[in-house]
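Notes for the one structure printed next.
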């Protein structure tokens, strides 16, 4: 949970995806680097792609309305463009404080 | 300012009057015991009497609207009866906190 | 629930720890500490002297605390008010409220401060660098704050 | 203005003293401390584990603190949030706001807590005496509290 973020820069076209709380548990992944398929332009597109990605992502992303997204450490809405994204995080609504 | 209140009970018909902040300074009195003249029934009557009592009380009580009164340690309005009063205090609006 | 009038300073951690020790129903602690400011409208203050009405002060603080307990879901609370001569930067007043939920802790702390400023018999006298002294005037905004709580309860 | 994410506990007096030291423009200090409660709907809690998003957490807390500084007359403020495994009665979060006047200190502290609960990337997982674990659900009332501030600023 407090592992150091990987500070190596993603390669050309690569993006870092991060998962927190029950999204980390259900996907079994805390961080991955990959090149997204073409045609994924917004946060909404990305959530749809995750829900069609196969086990275990399909189940973890079955209810996208329960999932929040941050691009480069900033909260992002479903309509937000991912064009400038180096790191995208997925997590449930926050419950600190 | 933190002198012990006089715990001797007032004699029959006697009442304790106390003065705080600039009312204490202007009257030069912090506490007195006395028997009020007849006809003083309310806080308002008492404030009027103080303003007609002569130096230095007349000046200290010249603006009764700037003075607050407590009967037996409880805030009291001008219309309040002083019938059950053992101790009556006069002070400016409070400024603690 | 307790109130204290004292010439001595207080330690915030010590007071908080005493209030919350062993009580795991408390989810939130709100606190306010009032301090002596170093100047008044640009005039340098050298000291602030607090006078009070022994006996009535404690009675009023307990009444105010009881009122907060009736209005809010409080686990416990504390009011400490200092008297005597204080210097700029010194603590004047401490209010701590402990509640299962934060909204009640916050509201109760603000309520206690508003009512204390309206009803508790304390008076402040300022002494300035020039040697001048002045009794602090009650602020209308304090009366309005207390009046807002009265309306809120209707 | 500062933020800190830490597994270690904090000392309230120490943090308050550091914030106010030598600053005599401060007339009021408001503070909120959030604590782990001992039960959830009658079920005994054995521990509470706090996960966060390093990097984003600090960025969000600084953004929230900056927003408070724009909205209120603040002298200084502090946010500390703990992470890792905590026990009932342990401190979770500390918010301190220092201002010339008490209304701004109170409002800023409540604002910081409301926004922190809405935006700062922390997640709580409860472990119960039965051995069961459960991620805490976000409360709608927290979203409403943050929404009320947004309306207030319009």
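Residue numbers (my numbering), protein chains in the order written: chain R, 5 to 101; chain H, 5 to 101; chain C, 13 to 166; chain B, 13 to 166.
Glycine included, C-beta positions come from ideal geometry on N, C-alpha and C.
On a predicted model such as this, the values are computed, not experimentally measured, just so you know.
| Query | Result |
| --- | --- |
| Residues near residue 136 of chain C by beta carbon distance below 7 Å, same chain, minus five either side | 60, 62, 148 |
| Close Cβ partners of residue 5 of chain H (< 7 Å) along its chain, the five nearest in sequence each way excluded | Unreliable placement is indicated for residue 5 of chain H, whose pLDDT of 42 sits below 50; the coordinate value is still reported in the next sentence. None. |
| As assigned by DSSP and simplified to three states, the class of residue 157 of chain C | helix |
| C-beta neighbour in chain B for residue 155 of chain C, strict 9 Å | no |
| Element boundaries [alpha helix (DSSP H), containing residue 32 of chain B] | 24-32 |
| CB contact below 9 Å: residue 32 of chain H versus chain C | no |
| Nearest to residue 74 of chain C (by Cα), restricted to the options C:38, C:138, C:107, C:20 | C:107 |
| Closer than 7 Å at the beta carbon, the chain C residues around residue 79 of chain H | 131 |
| Simplified DSSP state of residue 76 of chain B, which is helix, strand or coil | helix |
| Minimum Cβ-Cβ distance from residue 93 of chain H to chain C less than 9 Å | yes |
| Buried or exposed (CB count within 10 angstroms, at least 16 for buried), residue 2 of chain H | No answer is possible for residue 2 of chain H: the residues shown for chain H start at 5 and end at 101. |
| Sheet register partners of residue 94 of chain B (DSSP bridge) | B:18 |
| Beta-carbon gap between residue 16 of chain C and residue 93 of chain C smaller than 9 Å | yes |
| Minimum Cβ-Cβ distance from residue 22 of chain C to chain H less than 9 Å | no |
| Minimum length 3: unbroken beta strand (DSSP E) runs contained in the stretch 37-77 of chain R | 72-75 |
| Interfacial residues, the stretch 48-82 of chain C to chain B, with Cβ spacing under 9 Å | 48, 49, 50, 51, 57 |
| Neighbour flag for residue 114 of chain C against chain B, beta carbons, 9 Å | yes |
| Contact the stretch 55-67 of chain R vs the stretch 23-41 of chain H: 3+ CB pairs below 8 Å | no |
| Residue 21 of chain R - DSSP class collapsed to helix/strand/coil | strand |
| For residue 71 of chain H, the nearest candidate out of H:99, H:27, H:40 (CA to CA) | H:27 |
| Buried or exposed (CB count within 10 angstroms, at least 16 for buried), residue 164 of chain B | exposed |
| Cutoff 7 Å; reference residue 13 of chain B; Cβ partners in own chain excluding five residues on either side | 77, 81, 88, 89 |
| Cβ contact (3+ pairs, closer than 8 Å) linking the stretch 30-42 of chain C and the stretch 66-85 of chain H | no |
| Neighbourhood of residue 125 of chain C by C-beta, 6 Å cutoff - its chain only, sequence neighbours within 5 removed | 44, 107 |
| Nearest-angstrom Cα separation, counted from residue 128 of chain C out to residue 71 of chain C | 12 Å |
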